[in-house]
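J.: Before anything else, here's the structure in question.
Numbering (the numbering used here), first residue to last: 27 to 262.
Structure below.
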């Protein structure tokens, strides 16, 4: 059972009492599968508007970093333009990339387009508020059901429903994922997940801690959510 002062299971980084404790599951999570897909399509179309061309250019450079500065490589180009990588980038650009003033595409989309969305579409998108990529260690694999996970940053435990990957990964492997809620309230991974072997865990955590110190020195007012949003391209 999650205590009032425990980190919220939604992954927002807030305490449970200040996040999802008083939310009604039926109000916050009621949506159909097709409404999830349509909401994501509308968000991606909104992010592709020409008014965000300059931001897209800056975001692509940050997401891929020095790889874009290397000599042309057909194999790398194929990876960059593959569907999974496009999903990874579009998710980060919509949810995490900060526009001028600190807002995101996600924020602007809900502000401008909320009235044109169905209640289910709005419920799905509102359920992703505060969502960001984090690293988790697999504690137990339940075949065709999901994973018992430990957040490598704050030691929080959670169960994530998943099927296909339970036959590929084993205990102590590391997953980088964005947590969300299914329409029935189950915790699931949203969009692309990243897999790392157990041997990389200590180095990953060490790099995160070091990066966090630098982050706090540069932007002391930003919280842990802002840190992980900024780290998504690095994890990628």
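C-beta: ideal position from N, C-alpha, C; glycine also.
1. Of the choices 151, 183, 94 and 88, whose alpha-carbon is the least far from that of residue 70?
2. Do you know how far the Cα of residue 218 is from the Cα of residue 106?
3. Whole alpha helix (DSSP H) runs in the segment 91-148 with 4 or more residues, listed along the chain?
4. Ignore the nearest five residues each way along the sequence and tell me which others in residue 248's own chain have a CB closer than 6 Å to its CB.
5. Classify residue 257 as buried or exposed, calling it buried when 16 or more other Cβ atoms lie within 10 Å of its own Cβ.
6. Can you give the Cα-Cα distance for residue 215 and residue 236, rounded to whole angstroms?
7. Under three-state DSSP, which class holds residue 252?
8. Can you have a look at residue 189 and say buried or exposed, based on whether 16 or more other CB atoms are within 10 angstroms of its CB?
9. Expressed to the nearest angstrom, what Euclidean distance is found between the alpha-carbon atoms of residue 82 and residue 233?
10. Considering only the alpha carbon of each residue, which of 173, 193 and 166 lies closest to residue 203?
11. Assuming the contact rule is C-beta atoms closer than 8 Å, residue 187 and residue 169 should be a hit. Round their C-beta distance to whole Å, please.
12. Along the chain, where does the beta strand (DSSP E) that runs through residue 182 open and close?
13. Can you look up residue 70 in the DSSP assignment and give me helix, strand or coil?
14. Considering only their Cβ atoms, is the gap separating residue 146 from residue 259 smaller than 8 Å?
15. Quick one: give me the first and last residue of the beta strand (DSSP E) that residue 78 is part of.
T.: If we stick to the structure as given:
1. Minimum Cα distance to residue 70 is reached at 151.
2. Their backbone Cα atoms lie some 14 Å apart in a straight line.
3. As far as the segment 91-148 is concerned, its whole alpha helix (DSSP H) runs of at least 4 residues are 100-106, 109-121 and 131-139.
4. The answer is none, since no qualifying residue turns up.
5. Label assigned to residue 257: buried.
6. Within the model, the alpha-carbon separation for residue 215 versus residue 236 is close to 26 Å.
7. Three-state DSSP puts residue 252 in a helix.
8. By the neighbour-count rule (16 or more Cβ atoms within 10 Å), residue 189 is not buried but exposed.
9. The straight-line gap separating the alpha-carbon atoms of residue 82 and residue 233 is approximately 27 Å.
10. Considering only alpha carbons, the answer is 173.
11. With a Cβ gap of about 13 Å, residue 187 and residue 169 do not count as contacting.
12. Here residue 182 belongs to no beta strand (DSSP E), and DSSP marks it neither H nor E.
13. Three-state result, residue 70: helix.
14. Not in contact: residue 259 and residue 146 (Cβ atoms no closer than 8 Å).
15. Note, residue 78: premise wrong, no beta strand (DSSP E); not H, not E.
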